[in-house]
Every structure is written in structure tokens, then in C-alpha cells.
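In the order they appear, the protein sequences are chains B and R.
All letters in the first sequence, in the order written, are residues 24 to 269 by the working numbering.
All letters in the second sequence, in the order written, are residues 108 to 279 by the working numbering.
Ideal Cβ placement from N, Cα and C applies to all residues, glycine included.
Please read the structure below before turning to the comments.
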Amino acid sequence: MTKTTHFGYKEVDVNDKQGLVREVFDSVATNYDLMNDVLSMGAHRLWKRYTIASSNVKKGDCVLDIAGGTGDLALKFRGKVGNSGQVILTDINGAMLEEGRKSLIDNGVFDIGFVQANAELLPFKDKSFDCVSIAFGLRNITDKKAAIRQMFRVLKKGGCLLILEFSKVENEMLEKFYDYYSFNVMPKLGGLFANDEQSYQYLAESIRKHPNQEDLKAMVIGAGFDLCEYQNLSGGIVALHKAVKA
Amino acid sequence: MLRLSLEKTLNRLIDTCDIDIETLEGKKINLQLTELDIALAFVFTNSRIFVIKSNEVSNFDVTIKLNKDAFLSLIGGTSLDELLDNEEVVIIGNVKVAKKLSEMLAMSSQDIEEAIAHYTGDIVAHQIGKGIRLAKDKLDSSKANPIEAIKDEISTILIAPSRSHFFGNKAP
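If you want it as C-alpha cells, here you go:
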């Protein structure tokens, strides 16, 4: 019997999801930063800034940014770790990685490592990193539990995991507005600015299929982390899960 | 936001003052501020401190219970021994570990007073001056890039205004 998983609201063969997600990101890669600004009205920059502030990263640290896309988080981590530290950006999608490389070079940054990798099978040694981050990437991964177990594996003892992801809105009124915006406005904006309505329909659907705050926390603890807490941002539109491998 | 402020303050202290926390590696301290309904876990690992909600952590090496006045005395420089003698603090577990944390808290008293000001309902003069002091502290801590420090503060206010220093933090 074929094992299935969700791709937005569609049920697809588990082996097909990765390819379907890749098609979405191949399509949106060149307009990714612009669309993030348009769709979130700039809030994604604040969410990421809060994530960096929460990272507890210091000079000399090794940081892995998974599904790092266009490299905005990696760039900020680079400033934190200094010349004695190292930042590695991974993404499964070659087009996104290429956009990230261009963006970082445009920012005058040449010493961030780029690795095209599947988060479910990270090509790094055990206990290599002080911090692992993934921002708006986890919901696109087919086997989330496997990916979080990999994140646990590559973290050093005392290392910190940060998962920034869309989540469950706390307030009923805000939820109604957010649903209307997600399903009626976002795809139209995607069509208008990126000529790609379908990919942004997937974005809205994939957010609704992603585990809520408590379920994701349970998943993180289940992967072996000793401590995990989350902070809702913008009323739960986004949540930052922070876990420590104590 | 309180936890994040404390975490940043203490880790900055460790780095700038080169404080040796090797002996505390792996230790977990539970700090309970009665009256204020604040319970914080200080977890020492990977040569840094994480400040987390107490209920997320188990197997503490030591639990420190004290009220608002005793806490303010502690960060004001009163020794833990003196507070113990006066029965103003309860310590369950490793006293040496508790002392080390209390010394660090005292060393960063101004920042910590700032972080908990909305809980303690401190004096009016303090409230008037806090915006100015906060901005000054942020700038001092990021002399290399004051614009970044200001952006950080603005981000906090915009993301979670109810938890910002300026609007009165209500959640630890």
C-alpha cells in the first residue's frame, strides 16, 4: 500500500512531496525576498531579528542554517559569530541556494558555506554545531521528525535549536482575518507580483497543515531535546521554538 | 521578554568580564520569586546560560526561593549568607551553585533591575528614567553598531508590544 503525506491540502505519495515542493521553490526563488516583504508586510524581518536575538550565539560559534533560502538569517548569524566562527547555509533547492549565494555576495559576504542538502539526511558529523536554525522551512519537509532528529544529532551538547515557523493563531478574530487574507489575498498577490498564484495557494494550505505550537514542541522533545519552549509572535501567526540539547 | 533580557545580560557579563563558569557546566538552577509569580530556570551549558521557564526544566541542582525585597537586596549587593542568616531566602540543594548565580546577578544589577522593573513596581523616578537608561544600556552594549541595537529594540516593540520594556511586561 502506498504511503501518503500532505502537500498543502492534497494527499500525495510520500515519494512525490519533495519534488512538488521543489517545483514550488524553483518557481518562487527569484522573487522570494520581494514576496516575503509583500505578503508579511515586512514582518518577516522582525520575526527573524527576534530569532537571532534569541539564539544565544556568540563569537566563535558554528551555526547551521537549514533551508536557509536567500540567506538573510545566515547573514545575521555571520555578524554574531565573527571571524573566528563559521556559518553554513543549507537548502535542498538549488535555485534557492543560488539566490542565497548571490544575495550574500551582494552584501559583501564571502565566507559562508553553502551545502545543498536534504534536512532529513544532513551531511555533517555528530555534534558539529552550537546552533541550528530553520526558518519557514520545516513545514515543507516530508519527514519532519527525521529532520528534527538530524538537527539533534549535529548539535553539540548545550547546542540550541531554533525553529521559526508559521503556527496557530491564538485570537479568534485575528484567525478569521488571517484566513481571509491567506486564501483570498495572498494567492492574488502571488499572481500579481510573481506571476504565480498556485505556489502561494500552496503556502497558505501548507501553513494550515503544519503542527500547532504544542504538537511541534512534543515533536522536538521526542527527538531527544531536553528543553523546549516556544514564543508566539504576532499573535501566533508565527512561533519560535527554542530547544536546548542539555 | 524578561527571560531573553536576563539571558542576554548574563551572557554578556560572562563574555565581557571573562567570568569562569566552568564549574557550573551542566548545572540547573531554579529561581522562584514569590509575590511576583516569576519562576526561572538558569541552565549552564556549552559555556553559556540559557534562561527558560522553570516548568520546562526538571532535576534542578538547586532551588532558590525569595521574595521581591530579598531579590532586590541580593542584586543590590547583599550577600546570600546574610539573607540566609535573616531567613529571607530558602535554598534547597547545592548552596555553592546558588552563590555563584547570586554573585553574577549582583554584578549585573542595573540591567536586571531594569528587566524586572515592571514586576516590582519600582519607584516613580526609576520609571521616568528607564527609557533613557534602556536606550543608553543598549547603545553601550552594542557600541560597534548602535543602529543594530536600536533596530533590535524597535523589533521587540513591534513583534510583542505588550512584552516590551516600554509597554509593561506581563509575562516572564
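Q. Where does the unbroken alpha helix (DSSP H) through R:T170 begin, and where does it stop?
A. Residue mapping note: residue 170 of chain R aligns to position 63 of the second sequence, counting from 1. That residue, R:T170, is in no alpha helix (DSSP H); its beta strand (DSSP E) goes V169 to L173.
Q: Assign B:M196 to buried or exposed, taking buried as 16 or more other Cβ atoms, counted over all protein chains shown, within 10 Å of its Cβ.
A: Indexing the first sequence from 1 puts residue 196 of chain B at position 173. Exposed, by the Cβ-count rule.
Q. Closest Cβ-Cβ distance between R:D122 and chain B: below 8 Å?
A. Within the second sequence, numbered from 1, the residue matching residue 122 of chain R stands at position 15. It does; some Cβ of chain B falls within 8 Å.
Q. Excluding sequence positions up to five away, which residues of its chain have a Cβ less than 6 Å from the Cβ of B:G247?
A. Locating residue 247 of chain B in the first sequence gives position 224, where the first residue counts as 1. Excluding positions up to five away in sequence, the list reads F175.
Q.
Just to make sure I have the definition right: I need the residues of chain R whose C-beta is within less than 7 Å of the C-beta of B:A269. Which are they?
A. As a first step, residue 269 of chain B must be located in the first sequence, where it is residue number 246. Residues of chain R passing the Cβ test: V150 and T152.
Q. Got a sec: which bits of the region 232 to 248 of chain B sit with their beta carbon under 8 Å from any beta carbon on chain R, in order along the chain?
A. Listed in sequence order: no entries.
Q) Listed from N- to C-terminal order along the chain, which residues in the region 164 to 195 of chain R have their beta-carbon within a distance smaller than 8 Å of any beta-carbon of chain B? A) Those residues of the region 164 to 195 of chain R that come within reach of chain B (Cβ to Cβ, closer than 8 Å) are V164.
Q.
Does the CB of R:I126 have a neighbour CB from chain B at under 8 Å?
A. To locate residue 126 of chain R, count along the second sequence from 1; it is residue 19. Interface flag for R:I126 against chain B is unset, since no Cβ pair is found closer than 8 Å.
Q. Alpha carbon to alpha carbon, what distance is there between B:M242 and R:L191?
A. For the purposes of this step, residue 191 of chain R is taken as the residue at position 84 of the second sequence. For the purposes of this step, residue 242 of chain B is taken as the residue at position 219 of the first sequence. Note on geometry: alpha-carbon atoms of R:L191 and B:M242 lie some 42 Å from one another.
Q. Mind checking if R:E114 is an interface residue toward chain B, Cβ cutoff 8 Å exclusive?
A. For the purposes of this step, residue 114 of chain R is taken as residue 7 along the second sequence, with counting starting at 1. With 8 Å as the cut-off, R:E114 counts as an interface residue toward chain B.
Q.
Please tell me whether B:H278 and B:N59 are closer than 8 Å, where the distance is taken between their beta carbons.
A. Residue 278 of chain B is absent from the model: chain B starts at 24 and stops at 269.
Q) When we look at the beta-carbon of B:P146 and count the other beta-carbons within 10 Å, is it buried (16 or more) or exposed? A) For the purposes of this step, residue 146 of chain B is identified with residue 123 of the first sequence, where counting begins at 1. That one is exposed.
Q) Does at least one heavy atom of the ligand FMN sit under 7 Å from the Cβ of R:E129? A) By its list of ligands, the structure shown contains no ligand whatsoever, and the ligand FMN lies outside what it can speak to.
Q: Report the three-state DSSP secondary structure of B:G102 (helix, strand or coil).
A: As a position in the first sequence, residue 102 of chain B is number 79, starting the count at 1. B:G102 falls in the helix class under three-state DSSP.
Q. If we count Cβ pairs, one from each stretch, closer than 8 Å, do we get three or more for the region 146 to 157 of chain R versus the region 116 to 124 of chain R?
A. Contact between the region 146 to 157 of chain R and the region 116 to 124 of chain R is present, because at least three Cβ pairs lie under 8 Å.
(Q) For the region 202 to 213 of chain B, list every residue whose C-beta sits within 8 Å of some C-beta in chain R, in sequence order. (A) Of all residues in the region 202 to 213 of chain B, none is placed with a Cβ closer than 8 Å to any Cβ belonging to chain R.
Q. Taking the DSSP output, what are the residues bridged to B:T28?
A. Translated into the one-based positions of the first sequence, residue 28 of chain B becomes position 5. According to DSSP, which records beta bridges pairwise, B:T28 is partnered with B:V35.
Q) Since R:I159 meets chain B, which of its residues come closer than 7 Å, beta carbon to beta carbon? A) As a working note, residue 159 of chain R is residue 52 in the second sequence. The contacting residues are L250 and E252.
Q: Can you pull the chain B residues whose beta carbon is under 9 Å from the beta carbon of R:N118, in chain order?
A: Your numbering for residue 118 of chain R matches position 11 in the second sequence. Contact annotation for R:N118 against chain B: N79 and K81 [CB-CB distance below 9 Å, chain order].
(Q) Within a Cβ cutoff of 7 Å, which residues of the same chain sit near R:A213, ignoring the five residues on either side of it in sequence? (A) Your numbering for residue 213 of chain R matches position 106 in the second sequence. Result list for R:A213: L181, I182 and G184, in chain order.
Q. Along chain R, in chain order, which residues have C-beta atoms closer than 7 Å to that of B:D153?
A. The residue labelled residue 153 of chain B in the question sits at position 130 within the first sequence. Within 7 Å Cβ-Cβ: N153.
Q | Runs of alpha helix (DSSP H) wholly within the region 148 to 226 of chain B (minimum 4 residues, chain order) | A | As far as the region 148 to 226 of chain B is concerned, its whole alpha helix (DSSP H) runs of at least 4 residues are 167 to 177, 195 to 203 and 209 to 217.
Q: Leaving out five residues on either side along the sequence, give the residues of the same chain with a beta carbon under 7 Å from the beta carbon of B:E228.
A: For the purposes of this step, residue 228 of chain B is identified with residue 205 of the first sequence, where counting begins at 1. Within the same chain, B:E228 has close Cβ partners G31 and Y32.
Q.
In this structure, how does DSSP classify R:K203 when only helix, strand and coil are distinguished?
A. Position 96 of the second sequence holds residue 203 of chain R. If DSSP states are grouped into helix, strand and coil, R:K203 belongs with the helices.
Q | Within chain D, the residues that B:G182 reaches when beta carbons sit closer than 8 Å | A | Looking at the structure shown, chain D is missing, and the protein chains on hand are B and R.
**Q.** C-alpha distance - B:G42 paired with B:R162, whole-angstrom precision
**A.** What you label residue 42 of chain B is simply residue 19 of the first sequence in a count that begins at 1. What you label residue 162 of chain B is simply residue 139 of the first sequence in a count that begins at 1. If you take the alpha carbons of B:G42 and B:R162, they lie about 15 Å apart.
Q. DSSP state of B:A90, grouped into three classes?
A. As a position in the first sequence, residue 90 of chain B is number 67, starting the count at 1. If DSSP states are grouped into helix, strand and coil, B:A90 belongs with coil.
Q: Look up B:V44 in the DSSP assignment and say whether it is helix, strand or coil.
A: Counting from one through the first sequence, the residue named residue 44 of chain B turns up at place 21. The three-state reading of DSSP puts B:V44 in helix, counting H, G and I together.
Q) Closest by CA to B:V208, which one among B:S63, B:T27 and B:N130? A) For the purposes of this step, residue 208 of chain B is taken as the residue at position 185 of the first sequence. B:V208 has its Cα closest to that of B:S63, out of B:S63, B:T27 and B:N130.
Q) Which bits of chain R does B:K168 rub up against, with CB to CB less than 7 Å? A) To locate residue 168 of chain B, count along the first sequence from 1; it is residue 145. Under a criterion of Cβ atoms nearer than 7 Å, no residue of chain R is adjacent to B:K168; the nearest Cβ is some 20 Å distant.
Q. What separation, rounded to the nearest whole angstrom, lies between the Cα atoms of B:L96 and B:I75?
A. Here residue 96 of chain B is taken as the residue at index 73 of the first sequence, counted from 1. Here residue 75 of chain B is taken as the residue at index 52 of the first sequence, counted from 1. Their backbone Cα atoms lie some 8 Å apart in a straight line.
Q | Minimum C-alpha distance to B:D120 - residue among B:G108, B:T93 and B:K99 | A | The count along the first sequence starts at 1 and reaches residue 120 of chain B at position 97. Asp is not the amino acid found at residue 120 of chain B; the sequence shown has Leu there. Of the candidates B:G108, B:T93 and B:K99, the one whose C-alpha sits nearest the C-alpha of B:L120 is B:T93.
Q | Interface flag, B:K179 vs chain R, CB-CB below 8 Å | A | Within the first sequence, numbered from 1, the residue matching residue 179 of chain B stands at position 156. Cβ-Cβ to chain R under 8 Å: yes for B:K179.
Q) Would you say the region 127 to 140 of chain B touches the region 148 to 161 of chain B, given that touching needs at least three Cβ pairs under 8 Å? A) Not touching, per the Cβ criterion.
Q: Can you tell me which of the three DSSP states B:G123 falls into?
A: On the first sequence, position 100 is the one that residue 123 of chain B refers to. It is helical.
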